[in-house]
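Residue numbers (the UniProt record's numbering): 1 to 110. Glycine included, every Cβ here is placed at the ideal spot set by N, Cα and C. The model shown is predicted, which means the values in this text are computed figures rather than measured ones.
Take a look at the structure:
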């Protein structure tokens, strides 16, 4: 019996050629690209600025001088400007990342 059921509507999965008047297109927001793992790795390995945040937490960053070291430039390549805007909140007791922070204003412009 179920094989004899037919829908009264015809369904077509072909794209519509025209749009109905008065219907606006959905707005698209500019989504930032995700932070590459190489940047996080470089900040963890080469950081030279440590700011104590209290509670066994520290903020790790790369200074401008450290970004221009040959070792850091070789590890980061074209990602060095983006690494300059990254900070890592680090848990000293557990030895793990709590959060990776990136300057949002500059991230959208990149």
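Cβ distance (whole Å) where residue 83 is taken to contact residue 39 below 8 Å = Contact between residue 83 and residue 39 holds: their C-beta atoms lie close to 5 Å from each other, under 8 Å.
Could you give the residue range of the alpha helix (DSSP H) that holds residue 60?
-> First-last for residue 60: 57 to 61, but that is the beta strand (DSSP E), not the alpha helix (DSSP H).
When DSSP labels each residue in this structure, what does residue 54 get in the three-state scheme?
-> strand
Assign residue 13 to one of two classes, buried (16 or more other C-beta atoms within 10 Å of its C-beta) or exposed (fewer than that).
-> exposed
Along the alpha helix (DSSP H) that carries residue 67, what are the first and last residues, could you check?
-> That run of the alpha helix (DSSP H) goes 64 to 67.
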